[in-house]
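Per full-length UniProt numbering, the very first residue in the sequence shown carries number 1; after that it's consecutive.
Even for Gly, the Cβ is constructed at its ideal location relative to N, Cα and C.
Computed from a prediction, not measured in an experiment: that's the story for all the values here.
Here the structure is laid out as structure tokens; the discussion comes afterwards.
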Amino acid sequence: MLKEGLDVADTQSQTNQMVEAPTYDAKQIEQTWQTYWAQHKTFRVADTSDRPKKYVLEMFPYPSGDLHMGHARNYTIGDAMARQAHMRGFNVLHPIGFDAFGLPAENAAIKHHTQAAKWTYQNIAQATATMRRMGFSYDYDRTFNTCDPAYYRWGQWMFIKMWEKGLAYRATSPVNWCDSCKTVLANEQVVEGRCWRCKTIPQKRNLSQWYLKITDYAQELLDDLDTLDGWPENVKAQQRNWIGRSEGTEIDFTLLNQDGQTPTDQTISVFTTRADTIFGVSFLALPPESPLAQKLVANTAYEADFAQLKAQTEKISSVDRQASHMEKQGVFTGRYVINPVNGRRVPIWVANYIVLDYGTGAVMGVPCGDQRDFDFARRYDLDIIPIICTNDDPLYTQLKDEKDIKVTTVNWGSAMEAQGYLVQSGQFTGLVGGKHSEASRAITAWLSEQHKGRSKVQFRLRDWLISRQRYWGNPIPMIVCDDCGDVPVPESDLPVLLPENLDLGAGQTLAQCKEFYETICPRCDKPAKRVTDTMDTFTCSSWYFIRYTDPHNDKACYDKQRANHWMGVDNYIGGIEHAILHLLYSRFWTKVARDLGFIDIDEPFINLLTQGMVKDANGDTMSKSKGNVVPPSSVIEPYGADTMRLAILFIAPPEKDFDWDEEAVGGAHRFIKRAWRVVWTLSREADFSATFDRSSCTPDEAELHRSLHDLGIRCTNDFDRAQFNTAISAIMELVNAASKYLLATQDAPRNAALCALVARDIVAMLSPICPHWAEELYHEALGFTESIYHEPWPSFDASQTKADTQEIVVQIMGKLRARITVATDATDDELKEAAAAAVATQLADKTVNKVIVVPHKLVNFVAR
Numbered sequence: 001m002l003k004e005g006l007d008v009a010d011t012q013s014q015t016n017q018m019v020e021a022p023t024y025d026a027k028q029i030e031q032t033w034q035t036y037w038a039q040h041k042t043f044r045v046a047d048t049s050d051r052p053k054k055y056v057l058e059m060f061p062y063p064s065g066d067l068h069m070g071h072a073r074n075y076t077i078g079d080a081m082a083r084q085a086h087m088r089g090f091n092v093l094h095p096i097g098f099d100a101f102g103l104p105a106e107n108a109a110i111k112h113h114t115q116a117a118k119w120t121y122q123n124i125a126q127a128t129a130t131m132r133r134m135g136f137s138y139d140y141d142r143t144f145n146t147c148d149p150a151y152y153r154w155g156q157w158m159f160i161k162m163w164e165k166g167l168a169y170r171a172t173s174p175v176n177w178c179d180s181c182k183t184v185l186a187n188e189q190v191v192e193g194r195c196w197r198c199k200t201i202p203q204k205r206n207l208s209q210w211y212l213k214i215t216d217y218a219q220e221l222l223d224d225l226d227t228l229d230g231w232p233e234n235v236k237a238q239q240r241n242w243i244g245r246s247e248g249t250e251i252d253f254t255l256l257n258q259d260g261q262t263p264t265d266q267t268i269s270v271f272t273t274r275a276d277t278i279f280g281v282s283f284l285a286l287p288p289e290s291p292l293a294q295k296l297v298a299n300t301a302y303e304a305d306f307a308q309l310k311a312q313t314e315k316i317s318s319v320d321r322q323a324s325h326m327e328k329q330g331v332f333t334g335r336y337v338i339n340p341v342n343g344r345r346v347p348i349w350v351a352n353y354i355v356l357d358y359g360t361g362a363v364m365g366v367p368c369g370d371q372r373d374f375d376f377a378r379r380y381d382l383d384i385i386p387i388i389c390t391n392d393d394p395l396y397t398q399l400k401d402e403k404d405i406k407v408t409t410v411n412w413g414s415a416m417e418a419q420g421y422l423v424q425s426g427q428f429t430g431l432v433g434g435k436h437s438e439a440s441r442a443i444t445a446w447l448s449e450q451h452k453g454r455s456k457v458q459f460r461l462r463d464w465l466i467s468r469q470r471y472w473g474n475p476i477p478m479i480v481c482d483d484c485g486d487v488p489v490p491e492s493d494l495p496v497l498l499p500e501n502l503d504l505g506a507g508q509t510l511a512q513c514k515e516f517y518e519t520i521c522p523r524c525d526k527p528a529k530r531v532t533d534t535m536d537t538f539t540c541s542s543w544y545f546i547r548y549t550d551p552h553n554d555k556a557c558y559d560k561q562r563a564n565h566w567m568g569v570d571n572y573i574g575g576i577e578h579a580i581l582h583l584l585y586s587r588f589w590t591k592v593a594r595d596l597g598f599i600d601i602d603e604p605f606i607n608l609l610t611q612g613m614v615k616d617a618n619g620d621t622m623s624k625s626k627g628n629v630v631p632p633s634s635v636i637e638p639y640g641a642d643t644m645r646l647a648i649l650f651i652a653p654p655e656k657d658f659d660w661d662e663e664a665v666g667g668a669h670r671f672i673k674r675a676w677r678v679v680w681t682l683s684r685e686a687d688f689s690a691t692f693d694r695s696s697c698t699p700d701e702a703e704l705h706r707s708l709h710d711l712g713i714r715c716t717n718d719f720d721r722a723q724f725n726t727a728i729s730a731i732m733e734l735v736n737a738a739s740k741y742l743l744a745t746q747d748a749p750r751n752a753a754l755c756a757l758v759a760r761d762i763v764a765m766l767s768p769i770c771p772h773w774a775e776e777l778y779h780e781a782l783g784f785t786e787s788i789y790h791e792p793w794p795s796f797d798a799s800q801t802k803a804d805t806q807e808i809v810v811q812i813m814g815k816l817r818a819r820i821t822v823a824t825d826a827t828d829d830e831l832k833e834a835a836a837a838a839v840a841t842q843l844a845d846k847t848v849n850k851v852i853v854v855p856h857k858l859v860n861f862v863a864r
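Here it is as structure tokens:
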């Protein structure tokens, strides 16, 4: 399709029918119109308008250097959407800014012996210049950077509001520590067991950190995914899986004293979705990082082995720990609990495949129905108690009537699928087992009656850990006082500013900067200490899209009325890699802002487009860390920005990955120049004041007019679906149709009204994609004075797509004998008559037994 669409060479006859057009000088044209747009503030948007609103937004970039083709694709998609929406009659908000805090700036500052702020602002200036060079229709008056105190002040203010509402808190717990980045990571930032940024395997450390209670919104975050009809299903599926709602049972096991016989007043609770398997429990498992495990083995013969297992496990990612292939290792604690349903004594083990983040942090080991438990039990010679069997299992015949446990060891090669009928399960023997089964319900009800368990809804989602031990971030606005505890910074003292004189190269951090952390408690006026952690940069990107609605407000984070007017974002464009991190956090932040009374919406993004990756010649995704990026300048300098925009949008649908193709760029450039000549030729004979009359036109004129409406409808529909590659294909076909018409009429008068109509519509439809090209033609060839940005999108009429004539195939006994042209509305009898006339000679000596008519396609004579 690429070759057929872009690489259409002019034949000599096609070239001859073109007028001599001015040279297409992309560099000069693009500079001219970029200057015009800047001077006239063409893309500035008003907050009030008679037009309906449309908010188009691409995920803003991190300024780690100049833009690359991945950025260019993202922003070109959004720009085409925004420009076409404005032409369709919307009041379009299309802003840009920079996600400017973060570790890369800090590391670059260390490497280049500079300050993070200086490095960041240099990159912002470079990226902004590239954006302007690419012709993006941003309202630059709304631009801000998240490292500006005017912005991060309100992030601190929002943190304090969350603190006051009980949604922000400090806690000491095991966290993911990335030794390469020298900071902690939220659970969501550990991707496939590694740091999302540097791919290092994080370790578990007990640290005092700050959290936001995203778990308070877990159910709503899950439920509201069903309202996001404009989101890709795979993104919603990822969020559902991450939130991880499980309905199950919380069961209390009574802890025995060290003598292993007498009960204590302490219980250990486990969460399970399979209460029906409780009679098969042969051990209780704790993760190595469990404080309870540490307490149970303290000062015992098992303590040294436990410490060794813990040290080994800290080097393994959570993902790898839970993998079925990982070698299972454990340490007995010397302690036991009592199974609440049958009183059996159950040993407590510490196992390396158990993670603290799931459920209560304790797991009941059921080897007969779980392969990891089975492997662990085999290794340490623990019971494997069959408690669920299918009715064709020999064990079922043996145990179907057994309520007490008789069999504790089975000669299986692996765990069995835990479905079927309960055996050896007390009063519940014979019930059907399984997830959410009658057995699970019955056992849960009994446990509840006995006050030994309860129904429970569990989420995989954990609270959002926002503390970062790095300099270049938004300071957490809290003060720690020996007398008052944790105290928020008074709002009048916001923002808490980052110091500008740290020696990052020498490893100095905020925790070593007395000028920063030494302060006075605002409650008791005694010496106190500022919190030296900064916030996760995802806090900055979790509300920037609302700030764009009122970007320079110094009295509030934004005006509620303006925010309600523009939000939610109608079209949000960004990478699939943000499916959990940014998108989940943004949804949470928006819901908190709603509950605090700052906005009235439930969800921030109405429609989401996750664009595909741009890959290099080897099929690797372009990234600065890999050093395989293609800078936009490498295409803009020789060909122009419009050529690059066209190639980016034409190579593949926006949601698909594609390999960067230099040949596509050359083909795009040839098409632009060809369309340039076609429009100039049409314009020389155009009369923009005339009205086209199809009733009195020639067949060539009628066909071009029909193609205009047919292809215009296709182009419009494809724009509405964000399928820019097929929209461009429709425009290419229209250019071809116009070329065909010009060739057919090179020695005859041309219809001035039709020339004007086709020229104007070609320019208008291509303008969201090639805006500089379109502006130049709109003014110089077509003679208009306003920016084409304000030109209405062309209107097309489906009734005009019907051709006046049609070509019909004539067959005799199924073999092609002729082609005829007849009226589109010809009757079957008229088709038969015209076809018979066309093949009269071939039918002269034959008897026609039957005539088959396939409307609009063929007439077949059955004759011998």
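(request) Note down the Cα distance separating Ile479 from Val487, rounded to an integer number of angstroms. (result) Locating residue 479 in the sequence shown gives position 479, counting from the first residue. Locating residue 487 in the sequence shown gives position 487, counting from the first residue. So the two alpha carbons sit approximately 5 Å from each other.
(request) Let me know the beta strand (DSSP E) ranges lying completely inside the UniProt domain "Methionyl/Leucyl tRNA synthetase" (59-200), each 3 residues or longer, listed in chain order. (result) 91-93, 168-178 and 183-185
(request) Decide if the stretch 508-520 is in contact with the stretch 530-548; the criterion is three or more beta carbon pairs, one per stretch, under 8 Å apart. (result) yes
(request) Go through the stretch 781-864 residue by residue and report every complete run of the alpha helix (DSSP H) that reaches 4 residues or more, in order. (result) 828-838 and 840-843
(request) Run through the stretch 197-225 for me and flag every whole beta strand (DSSP E) of 3 or more residues, listed as ranges in chain order. (result) As far as the stretch 197-225 is concerned, its whole beta strand (DSSP E) runs of at least 3 residues are 203-212.
(message) Which of the three DSSP states is assigned to Gly666 in this structure?
(response) Here residue 666 corresponds to residue number 666 of the sequence shown, with the count starting at 1. Gly666 falls in the helix class under three-state DSSP.
(request) Have a look at Asp828 and Ser729 and give me their C-alpha separation to the nearest angstrom. (result) Numbered from its first residue, the sequence shown carries residue 828 at position 828. Numbered from its first residue, the sequence shown carries residue 729 at position 729. If I take the Cα positions, the gap works out to 35 Å.
(request) Taking the CB atoms as reference points, tell me whether Leu103 and Arg197 lie closer together than 8 Å. (result) Within the sequence shown, the letter at position 103 stands for residue 103. Within the sequence shown, the letter at position 197 stands for residue 197. Yes, the Cβ-Cβ distance between Leu103 and Arg197 is below 8 Å.
(request) Could you tell me whether the Cβ atoms of Trp793 and Arg170 are closer together than 8 Å? (result) The count along the sequence shown starts at 1 and reaches residue 793 at position 793. The count along the sequence shown starts at 1 and reaches residue 170 at position 170. Contact flag unset, no.
(message) Output needed for Asp320: all residues of its chain with C-beta closer than 7 Å, excluding positions within five of it in sequence on either side, in chain order.
(response) Counting from 1 along the sequence shown, the entry for residue 320 is found at position 320. Closer than 7 Å at the Cβ level, and outside the excluded window around Asp320, lie Gly193 and Met326.
(request) State yes or no: is the beta carbon of Leu843 nearer than 8 Å to at least one beta carbon in chain C? (result) Judged by its chain identifiers, the structure shown contains no chain C, having just a single protein chain.
(message) Using only the alpha-carbon positions, how far apart do Asp265 and Val281 sit?
(response) Sequence index remark: in the sequence shown, residue 265 carries index 265 (1-based). Sequence index remark: in the sequence shown, residue 281 carries index 281 (1-based). Per the coordinates, the alpha-carbon of Asp265 lies some 21 Å from the alpha-carbon of Val281.
(request) Classify Asn391 as helix, strand or coil using the three-state DSSP reduction. (result) As a working mapping, residue 391 is identified with position 391 in the sequence shown. Three-state result, Asn391: coil.
(message) Measuring only the C-alpha atoms, how far is Ala298 from Val614?
(response) Position 298 of the sequence shown, counted from the first residue, corresponds to residue 298. Position 614 of the sequence shown, counted from the first residue, corresponds to residue 614. Going from the Cα of Ala298 to the Cα of Val614 covers about 55 Å.
(message) Using only the alpha-carbon positions, how far apart do Glu830 and Leu754 sit?
(response) Locating residue 830 in the sequence shown gives position 830, counting from the first residue. Locating residue 754 in the sequence shown gives position 754, counting from the first residue. One alpha carbon belongs to Glu830, the other to Leu754, and they sit about 31 Å apart.
(request) Since I believe Trp349 is in contact with Ala307 (beta carbons under 8 Å), could you give me their beta-carbon distance rounded to a whole number of angstroms? (result) On the sequence shown, position 307 is the one that residue 307 refers to. On the sequence shown, position 349 is the one that residue 349 refers to. The distance from the Cβ of Ala307 to that of Trp349 is about 15 Å, inconsistent with a contact at the 8 Å cut-off.
(request) May I ask you to list the residues that DSSP assigns as paired with Phe283? (result) Position 283 of the sequence shown holds residue 283. Answer is Gly365.
(request) Just tell me which of Val592, Asp616 and Leu682 has its CA closest to the CA of Ala218. (result) Counted from its first residue, the sequence shown places residue 218 at position 218. Ranking the options by Cα distance to Ala218, first place goes to Val592.
(message) On the DSSP bridge list, what partners appear for residue 867?
(response) Outside the modelled stretch of the chain, which goes from 1 to 864, sits residue 867, for which no answer is possible.
(request) Use the C-beta contact count for Lys3: other C-beta atoms within 10 angstroms, 16 or more gives buried, fewer gives exposed. (result) Here residue 3 corresponds to residue number 3 of the sequence shown, with the count starting at 1. Summary for Lys3: the model assigns pLDDT 43, below 50, so the residue's position carries little reliability, and this model does not support an answer.
(message) Between the alpha carbons of Lys846 and Ala836, how many angstroms are there, rounded?
(response) Here residue 846 is taken as the residue at index 846 of the sequence shown, counted from 1. Here residue 836 is taken as the residue at index 836 of the sequence shown, counted from 1. So the two alpha carbons sit approximately 12 Å from each other.
(request) Would you check if there are 3 or more beta carbon pairs closer than 8 Å linking the stretch 51-64 to the stretch 570-583? (result) yes
(request) Note down the Cα distance separating Ile387 from Thr249, rounded to an integer number of angstroms. (result) Residue 387 sits at position 387 when you count from the first residue of the sequence shown. Residue 249 sits at position 249 when you count from the first residue of the sequence shown. Going by the C-alpha atoms only, they are around 18 Å apart.
(request) Out of Asp536, Arg142 and Ile576, point me to the one whose CA is closest to Ile476's CA. (result) Here residue 476 refers to the residue found at position 476 when the sequence shown is read from its first residue. If we check each option's Cα against that of Ile476, Asp536 comes out closest.
(request) Could you check what DSSP says for Ala9 in three-state terms: helix, strand or coil? (result) For this step, residue 9 is matched to residue 9 along the sequence shown. Per-residue confidence for Ala9 stands at a pLDDT of 43, beneath the threshold of 50, marking its modelled position as unreliable; no derived number is given.
(request) Could you check what DSSP says for Leu382 in three-state terms: helix, strand or coil? (result) Within the sequence shown, the letter at position 382 stands for residue 382. Three-state result, Leu382: coil.
(request) Note down the Cα distance separating Asp7 from Met732, rounded to an integer number of angstroms. (result) Here residue 7 is taken as the residue at index 7 of the sequence shown, counted from 1. Here residue 732 is taken as the residue at index 732 of the sequence shown, counted from 1. Note that Asp7 scores 48 on pLDDT, short of 50, meaning its location in the model is unreliable; the coordinates nonetheless yield the value given after this. Distance between the alpha carbons of Asp7 and Met732 is about 11 Å.
(message) Mapping the DSSP letters down to three states, classify Ala291 as helix, strand or coil.
(response) As a first step, residue 291 must be located in the sequence shown, where it is residue number 291. The residue you asked about is not Ala; residue 291 is Pro in the sequence shown. If DSSP states are grouped into helix, strand and coil, Pro291 belongs with the helices.
(request) Might you give, ordered along the chain, the residues of its own chain that have their beta carbon closer than 7 Å to the beta carbon of Ser13, omitting 5 neighbours on each side? (result) The residue given as residue 13 occupies position 13 in the sequence shown. Residue placement at Ser13 cannot be trusted, given a pLDDT of 49 that sits under 50; what the coordinates show is reported in the next sentence. The residues are Leu743.
(request) Look at the alpha carbon of Ala129 and the alpha carbon of Phe598, and state the distance between them as a whole number of angstroms. (result) Stepping through the sequence shown from its first residue, residue 129 is reached at position 129. Stepping through the sequence shown from its first residue, residue 598 is reached at position 598. Whole-angstrom Cα-Cα distance: 34 Å.
(message) I need the boundaries of the alpha helix (DSSP H) containing Asp720, first residue and last residue.
(response) Reading the sequence shown from its first residue, position 720 is the one you call residue 720. Taken as a continuous stretch (DSSP letters only), the alpha helix (DSSP H) holding Asp720 covers Pro699 to Asp720.
(message) Please tell me whether Glu188 and Leu608 are closer than 8 Å, where the distance is taken between their beta carbons.
(response) Stepping through the sequence shown from its first residue, residue 188 is reached at position 188. Stepping through the sequence shown from its first residue, residue 608 is reached at position 608. Contact flag unset, no.
(request) Going by CA-CA distance only, name the one from Ala301, Arg335, Thr444 and Arg153 that's closest to Pro263. (result) Here residue 263 refers to the residue found at position 263 of the sequence shown. When only C-alpha atoms are compared, the closest one is Arg335.
(request) Identify whether Asp554 lies in helix, strand or coil by the three-state DSSP scheme. (result) In the sequence shown, counting from the first residue as 1, residue 554 sits at position 554. Three-state DSSP puts Asp554 in coil, outside helix and strand.
(request) Determine the closest residue to residue 912 out of Ala647, Glu780 and Phe719, with distance taken between C-alpha atoms. (result) Since the first residue of the chain shown is 1 and the last is 864, residue 912 is not available in this structure.
(request) Give every residue of the same chain whose Cβ lies closer than 8 Å to the Cβ of Phe90, excluding the five residues on either side of it in the sequence, and list them in chain order. (result) Stepping through the sequence shown from its first residue, residue 90 is reached at position 90. Hits under 8 Å: Arg51, Pro52, Lys53 and Lys54.
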